[in-house]
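Reviewing the structure listed below.
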Amino acid sequence: MALNEAKISQEELDEFDPGEIFAPRRVKSRVVRVSTEPFYVRLIIVVAALGFLSLFIVLPLIAVFAQAFSKGFSTYVNALTDPDALSAIRLTLIVAFASVTLNLFFGVAAAWAITKYRFPGKTLLVTLIDLPFSVSPVVAGLLFVLLFGLQGLLGPWLAEHNIKILFALPAIILATMFVTFPFVARELIPLMQEQGTSEEEAAVSLGASGWATFVRVTLPNIKWALLYGILLCNARAMGEFGAVSVVSGHIRGETNTMPLHIEILYNEYQFAAAFAVASLLAMLALVTLVLKTALERKLERRSL
Amino acid sequence: MAQGSAIPRFVEPTVIPGFGLTFGLTLTWLAVIVLIPISALILKASSISAEQFLTILLAPRTMNALKLSFGLSFLAAVINVFFGLIVAWALTRYEFPGRRLADAIVDIPFALPTAVAGIALASLYSPQGWIGGLLTPLGIKVAFTPFGILIALIFVGLPFIVRTVQPVLADLDPELEQAAASLGASRWQTLKKVILPSLLPAILTGFALAFARAVGEYGSVIFIAGNIPNVSEIAPLLIIIRLEEFRYADATAIATIMLAAAFIMLLVINRLQRWTETRG
Numbered sequence: 020m021a022l023n024e025a026k027i028s029q030e031e032l033d034e035f036d037p038g039e040i041f042a043p044r045r046v047k048s049r050v051v052r053v054s055t056e057p058f059y060v061r062l063i064i065v066v067a068a069l070g071f072l073s074l075f076i077v078l079p080l081i082a083v084f085a086q087a088f089s090k091g092f093s094t095y096v097n098a099l100t101d102p103d104a105l106s107a108i109r110l111t112l113i114v115a116f117a118s119v120t121l122n123l124f125f126g127v128a129a130a131w132a133i134t135k136y137r138f139p140g141k142t143l144l145v146t147l148i149d150l151p152f153s154v155s156p157v158v159a160g161l162l163f164v165l166l167f168g169l170q171g172l173l174g175p176w177l178a179e180h181n182i183k184i185l186f187a188l189p190a191i192i193l194a195t196m197f198v199t200f201p202f203v204a205r206e207l208i209p210l211m212q213e214q215g216t217s218e219e220e221a222a223v224s225l226g227a228s229g230w231a232t233f234v235r236v237t238l239p240n241i242k243w244a245l246l247y248g249i250l251l252c253n254a255r256a257m258g259e260f261g262a263v264s265v266v267s268g269h270i271r272g273e274t275n276t277m278p279l280h281i282e283i284l285y286n287e288y289q290f291a292a293a294f295a296v297a298s299l300l301a302m303l304a305l306v307t308l309v310l311k312t313a314l315e316r317k318l319e320r321r322s323l
Numbered sequence: 035m036a037q038g039s040a041i042p043r044f045v046e047p048t049v050i051p052g053f054g055l056t057f058g059l060t061l062t063w064l065a066v067i068v069l070i071p072i073s074a075l076i077l078k079a080s081s082i083s084a085e086q087f088l089t090i091l092l093a094p095r096t097m098n099a100l101k102l103s104f105g106l107s108f109l110a111a112v113i114n115v116f117f118g119l120i121v122a123w124a125l126t127r128y129e130f131p132g133r134r135l136a137d138a139i140v141d142i143p144f145a146l147p148t149a150v151a152g153i154a155l156a157s158l159y160s161p162q163g164w165i166g167g168l169l170t171p172l173g174i175k176v177a178f179t180p181f182g183i184l185i186a187l188i189f190v191g192l193p194f195i196v197r198t199v200q201p202v203l204a205d206l207d208p209e210l211e212q213a214a215a216s217l218g219a220s221r222w223q224t225l226k227k228v229i230l231p232s233l234l235p236a237i238l239t240g241f242a243l244a245f246a247r248a249v250g251e252y253g254s255v256i257f258i259a260g261n262i263p264n265v266s267e268i269a270p271l272l273i274i275i276r277l278e279e280f281r282y283a284d285a286t287a288i289a290t291i292m293l294a295a296a297f298i299m300l301l302v303i304n305r306l307q308r309w310t311e312t313r314g
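Heads up: the sequence lines are chains R and Y, in that order. Residue numbering for the first sequence follows our numbering, starting at 20 and increasing by one per position. Residue numbering for the second sequence follows our numbering, starting at 35 and increasing by one per position.
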């Protein structure tokens, strides 16, 4: 990048030009930057950024919808109303509902325990809660195979008692819970940490029960962050592929979630049908992003 | 953390009720979903003899898969640092038409299910695809080669760099840059000597997050990879293949290495994040 040297004072004038499109962004409640780049440098950077985003992110997204409708609207509808597709959609909804609800419940409990009390080993606890983020989904799936499989730890006992966990709904939910484990807790912990304990202490001192304190005092403070966590958790739960792929057994119409159904269709060269189902998940991703942006405005911050 | 009173207590006294309940629930939840499954892997791994463990890991196919996963993840993270910085810079420093939209688009790889991204990339870069069709006459093959894997890993890693650098870049004190400029530094010198050093912790955090994610990535890679053993077969896929062959020891050994790497990455990331916070 060849930046223009020793011409700063000249370029400073640029940013006050009212007709300037590529003006430096005004930082809230701060003076406008006096040091910025020449116009052509700004243009190159913006074009490079937008070009990169278009090529790597927008184009694949457009491709999903283009391919979904490539064989016409009726093929699209047929792909989505196919009994196997419908059962995949149903299973995905069940799995997402179950894993999000359970993770929500436990995520709130964890955030409460971690932020409202002082005890040793807290850092270790937070690190362990974060662990699933960095574990490969395939390894996550394998963990449950080694635990519940016939060769595994509990497998023989489960088989004896005729309890089916692996290659069935329970394992799919458990694997999904593993990969979405930190989402809710991760959103709540920094916020509740920041808010401290004084409001809760006041409520309890005035005679409120623990539950009333949570519902009346804490919940209103954390509701947007909670929704944010649920949103991200749900998006990941519905789209999880690697972990579910290992534990599901791929039984058509029974243990196939939407991502697994997409894989099967794609491998059978039913591209239009695969992309039709994929387009539903892509729409879910877009809706998630719109809601996420709206919630971020409420929370006035961005987050990973 | 807990200290003070005559009788040592685990939790410091407070009027807020519910410690036992919430702490107990947290530990139970952690044990059932994370710790017990991980101990199942460790238990299985410890039943494999050291000799067998090494034989599995040093087998050419395993080594090639691990090299491919770690090497390409590193390369993808490096490329993402470069483009991620450009994107973060444009989004925080300049006002241009569509900036808000571009900002929202950065998160798409987070939100788009990996299998959807996988088939979309595979169809784009296949010889008949929109991009593949343009590259094939030039003799460039992307789909079903390691190059295709790299493209997928760049896709999944990009938001990590942008989202870790962006807030630090926005909070950077403009007075520092003004001071540098008034002392006669060129824009380029200010960037190199003032801005980049302040961004370094965030860049490294983003790099580590993108790398960690890419190493374990499965869904967005397998459709475009071609999955040729020793050439374009990633480590997570090899785990699945071994599992389907009922070679549990092999799957466990590879997974143990990847889990260990994940744990190290997590500790590194925690350190880096603390560094970023103290620097910011």
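Cβ atoms here follow ideal geometry from the backbone N, Cα and C, with glycine treated the same way. These numbers come from a predicted model, not from an experiment.
**Prompt:** What residues of chain R sit near glutamate 46/Y, judged by a beta carbon separation below 8 Å?
**Reply:** The answer, in chain order, is Tyr136, Arg137, Phe138.
**Item:** Chain-order list of residues whose beta-carbon lies under 6 Å from that of tyrosine 247/R (same chain, five-residue window excluded)
**Value:** Glu206, Leu314
**Request:** Check the Cβ of phenylalanine 88/R against every Cβ in chain Y and list those closer than 9 Å, keeping chain order.
**Result:** Residues of chain Y passing the Cβ test: none, with the nearest at roughly 13 Å.
**Prompt:** What residues from chain Y crowd round proline 154/R, counting only those whose CB sits closer than 7 Å?
**Reply:** The sequence as given places valine at residue 154/R; proline does not occur at that position. For valine 154/R, the residues of chain Y that pass the 7 Å Cβ criterion are Gly250, Leu293, Ala296, in the order they occur in the chain.
**Of the residues Thr170/Y, Ala242/Y, Gln162/Y, Phe181/Y, the one placed nearest valine 199/Y, counting alpha carbons only** = Ala242/Y
**Item:** Min CB distance serine 266/Y to chain R below 9 Å
**Value:** Proximity of serine 266/Y to chain R, defined by a Cβ-Cβ separation below 9 Å, is not satisfied.
**Prompt:** How about leucine 161/R and leucine 277/Y: do their beta carbons lie closer than 9 Å?
**Reply:** yes
**Asked** Leaving out the 5 sequence neighbours to the left and right, which residues in its chain are closer than 8 Å to isoleucine 40/R when beta-carbon positions are compared?
**Response** Residue confidence for isoleucine 40/R is low, a pLDDT of 48 falling below 50, so the modelled location carries little weight; the figure read from the coordinates is stated next. Excluding positions up to five away in sequence, the list is empty.
**Asked** For isoleucine 262/Y versus phenylalanine 178/Y, is the C-beta spacing smaller than 9 Å?
**Response** yes
**Message:** Between arginine 255/R and threonine 199/R, how many whole angstroms is the CB-CB distance? I'm expecting something under 8 Å.
**Reply:** So it is a contact: roughly 5 Å between Cβ atoms.
**Message:** I'd like the span of the alpha helix (DSSP H) that includes isoleucine 137/Y, first residue to last.
**Reply:** The sequence shown places aspartate at residue 137/Y, rather than the isoleucine named in the question. Run containing aspartate 137/Y: 133-139, per the alpha helix (DSSP H) assignment.
**Prompt:** Any beta-carbon of chain Y closer than 9 Å to the one on lysine 242/R?
**Reply:** no
**Prompt:** Using a beta-carbon distance below 9 Å, is isoleucine 183/Y in contact with chain R?
**Reply:** Cβ-Cβ to chain R under 9 Å: no for isoleucine 183/Y.
**Prompt:** Around the C-beta of tyrosine 252/Y, are 16 or more other C-beta atoms found within 10 angstroms, so that it is buried, or is it exposed?
**Reply:** buried
**Request:** Whole angstroms is fine: what's the gap from valine 112/Y's alpha carbon to valine 65/R's?
**Result:** Note on geometry: alpha-carbon atoms of valine 112/Y and valine 65/R lie some 20 Å from one another.
**Prompt:** Where proline 189/R and threonine 55/R are concerned, what is the direct C-alpha to C-alpha distance, given to the nearest angstrom?
**Reply:** 57 Å
**Message:** Under 9 Å, Cβ to Cβ, is there at least one residue of chain Y near tyrosine 95/R?
**Reply:** Chain Y, which has no Cβ nearer than 9 Å to the Cβ of tyrosine 95/R, makes this no.
**Asked** Alpha carbon to alpha carbon, how far is threonine 216/R from valine 302/Y?
**Response** 30 Å
**Message:** So that I know if they touch, is there some Cβ in chain R lying closer than 9 Å to that of leucine 75/Y?
**Reply:** yes
**Asked** If you compare alpha carbons, which of Ile275/Y, Ile195/Y, Pro235/Y, Ile274/Y is closest to glutamine 307/Y?
**Response** Pro235/Y
**Prompt:** Within the 9 Å Cβ cut-off, does methionine 97/Y reach chain R?
**Reply:** no
**Request:** Taking only the alpha-carbon atoms, compute the straight-line gap between isoleucine 76/R and alanine 186/Y and give it to the nearest angstrom.
**Result:** 10 Å
**Message:** At 4 residues or longer, what runs of the alpha helix (DSSP H) sit wholly inside the segment 205-257 of chain R?
**Reply:** 217-224, 229-232
**Message:** I need the boundaries of the alpha helix (DSSP H) containing threonine 60/Y, first residue and last residue.
**Reply:** Judged by DSSP secondary structure, threonine 60/Y falls within the alpha helix (DSSP H) whose first and last residues are 53-64.
**Message:** I need the boundaries of the alpha helix (DSSP H) containing histidine 180/R, first residue and last residue.
**Reply:** Premise fails: histidine 180/R is in no alpha helix (DSSP H) and is neither H nor E.
**Prompt:** Between the segment 260-286 of chain Y and chain R, which residues of the former have CB atoms less than 9 Å from a CB of the latter, in chain order?
**Reply:** Within the segment 260-286 of chain Y, the qualifying residues are Ala269, Pro270, Leu271, Ile273, Ile274, Leu277, Phe280, Tyr282, Ala285, Thr286.
**Prompt:** Using the rule of at least 16 other Cβ atoms within 10 Å of the residue's Cβ for burial, across every protein chain shown, is aspartate 205/Y buried or exposed?
**Reply:** exposed
**Request:** To the nearest angstrom, report how far apart phenylalanine 163/R and serine 153/R are at their CA atoms.
**Result:** Straight-line Cα distance between these residues: approximately 17 Å.
**Request:** Would you mind working out which of Ala85/R, Val158/R, Leu80/R, Val96/R sits nearest valine 263/R, comparing C-alpha positions?
**Result:** Val158/R
**Item:** Cβ shell of tryptophan 164/Y (< 6 Å), same chain only, five flanking positions each side left out
**Value:** Cβ contact annotation for tryptophan 164/Y (same chain, cutoff 6 Å, sequence separation greater than five): Leu158, in chain order.
**Request:** Using a Cβ-Cβ cut-off of less than 9 Å, list which residues of the segment 104-133 of chain R approach chain Y; keep chain order.
**Result:** Leu121, Asn122, Phe124, Phe125, Gly126, Val127, Ala128, Ala129, Ala130, Trp131, Ala132, Ile133
**Request:** Measure the CB-CB distance between alanine 154/Y and proline 79/R and report whether it falls below 9 Å.
**Result:** yes
**Asked** Taking only beta-carbon atoms, is arginine 247/Y less than 9 Å away from chain R?
**Response** yes
**Request:** Indicate whether at least one CB of chain Y lies closer than 9 Å to the CB of phenylalanine 71/R.
**Result:** yes
**Message:** Quick check on aspartate 284/Y: buried or exposed, where buried means 16 or more other Cβ atoms within 10 Å of its Cβ?
**Reply:** buried
**Prompt:** Name the chain R residues whose beta carbon is nearer than 7 Å to that of valine 49/Y?
**Reply:** Glu220, Val223, Ser224
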